[in-house]
Amino acid sequence: DEIVAIARVALKLCPTGHPDHVMSLTTLAAFLLCRFQHQGAVADVDEAVILYQEALEVCPSGSPASAPHFHGLARCLSERFTKLAKSTNLDDAIKFEQEALALCAQGHPDHA
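Right, dumping it as structure tokens:
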């Protein structure tokens, strides 16, 4: 809980337009996903999904830099599917993981 609180403060210190805004969004999202995996509060994974979506909105469309954000979003949706068994979560997770893969060219370290 403390690390999530610290990540929230960091995000407030890095508003939209700040060079570290996207990193702050995805860091908080990753901590929320981790807490969801340990505590099971669906609100945490729901917020993580929103944060990854916000990170993707800030990144230029088609940019390879957005691949990790697509991957993070896919992980969140996959975890939410495991908890709630909603097939749309799994379908979306697959779609976003394919997006991430498409942005990483063959030979790119993240392609595997």
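Residue numbers (the working numbering): 1296 to 1407.
Don't be surprised by glycine CBs; every beta carbon is placed ideally from N, CA and C.
The structure presented is a predicted model; accordingly, all values stated were derived computationally and were not measured.
Beta carbon of residue i nearer than 8 Å to that of residue j
i     : j     : result
C1371 : L1328 : yes
V1340 : F1326 : no
A1350 : T1321 : yes
G1335 : K1381 : no
A1388 : F1365 : no
Unbroken alpha helix (DSSP H) run spanning residue i, endpoints
i     : result
P1363 : 1362-1379
H1313 : Note, H1313: premise wrong, no alpha helix (DSSP H); not H, not E.
D1341 : 1337-1353
S1382 : 1382-1398
Candidates the options, of which the one nearest residue i by Cα
i     : options             : result
L1368 : K1390, P1359, S1356 : K1390
A1300 : H1313, S1319, G1312 : S1319
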